[in-house]
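My numbering numbers the first residue of the sequence shown as 33 and each following residue consecutively.
Note that the Cβ used here is the ideal one computed from N, Cα and C, for glycine as well.
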Amino acid sequence: MPRHLVSSLVLLFGVGWAALTANASTERQWRFTVLLDGKPIGHHHVDLTGTEEVEYRSETKLNVKVLFLTVFRYLHVDRETWRDDCLTRIDSTTDDDGKAQFVRGTRGNASFMLTTERGAREHTAPCVMTFAYWNPKVLSATRLMNAQTGEYLPVRIETLGTDRIQVRGQQLEAEHFAIVGDKLEDRAVVRGQQCRCG
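In structure tokens form, the structure reads like this:
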């Protein structure tokens, strides 16, 4: 994804992380508007169902225009199944401005087998996680799988302190974190917030 969109998505997921930890019910939905320079360019929808086995579905759709001409399009649809805070299945498709990508995979005994448009690969790890901003367990991860490419990337988590954020009209204290990695898009820092939102 182009660098100029990363900051918009960083803000999106920063707010999203706080909201996603807000409710422990078995069916949860979030609808975000993605902004670029303060203007809407698309949406990010998240649906979670289940407790012991969590079904995750997200859709990110972006359409960037300059002078009424579309200069960038992006559609990413991701379906994941999680058990015991580990990814057990993934099926994602992406149209990154005309570049088609897909990731399909399942967990085995001590590895995660997947297929992408570039071929088959295996990640040797008993518990693979994606950049699952809804799941606070990613804060203990040293590697995360990119749901768009299937790459299993080394990351480190940085604690950035606390701040007050607004969630559902209430001011709440949130902990700020950054997911940092050399192989992240343009060495971007993905920032998130987590709050105990009742």
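Enclosing beta strand (DSSP E) for residue i [first to last residue]
i, result
"Arg89", "Glu85 to Val98"
"Tyr184", "Tyr184 to Pro186"
"Ser143", "Ser143 to Thr148"
"Trp62", "Glu59 to Leu68"
"Leu171", "Looking at the DSSP string, Leu171 is not in any beta strand (DSSP E), and its letter there is neither H nor E."
"Thr74", "The question names Thr, yet the displayed sequence has Gly at residue 74. Counting along the chain, the beta strand (DSSP E) containing Gly74 begins and ends at Lys71 to Thr81."
Proximity of residue i and residue j at Cβ, strictly below 8 Å
i, j, result
"Gln180", "His77", "no"
"Thr148", "Gly182", "yes"
"Gly213", "Pro186", "yes"
"Thr113", "Glu91", "no"
"Glu84", "Arg121", "no"
"Asp123", "Arg105", "no"
"Ser172", "Glu154", "no"
"Ala210", "Ile197", "no"
"Arg111", "Leu80", "no"
"Lys18", "Met177", "Outside the shown range of the chain (33 to 230) lies residue 18, about which nothing can therefore be said."
Backbone secondary structure at residue i - three-state DSSP
i, result
"Val103", "strand"
"Lys131", "strand"
"Lys215", "coil"
"Ala54", "Residue placement at Ala54 is poorly supported in this model, since its pLDDT is 44, which falls under 50; the coordinates still yield a value, given next. Note: Ala54 maps to coil in three-state DSSP."
"Val160", "coil"
"Arg200", "coil"
"Asp110", "strand"
"Ala179", "coil"
"Asp117", "coil"
"Gly140", "coil"
Classification of residue i by the beta-carbon crowding that lies within 10 angstroms, buried from 16 upward
i, result
"Asn167", "buried"
"Arg139", "buried"
"Ala132", "exposed"
"Leu101", "exposed"
"Met145", "exposed"
"Thr174", "exposed"
"Thr194", "exposed"
"Leu119", "buried"
"Val98", "exposed"
"Thr126", "buried"
Interface flag, residue i vs chain B, CB-CB below 8 Å
i, result
"Tyr88", "Checking the listed chains, one finds no chain B in this structure; it contains a single protein chain."
Presumed contact (8 Å Cβ cut-off) between residue i and residue j, rounded CB distance
i, j, result
"Asn95", "Gly74", "6 Å"
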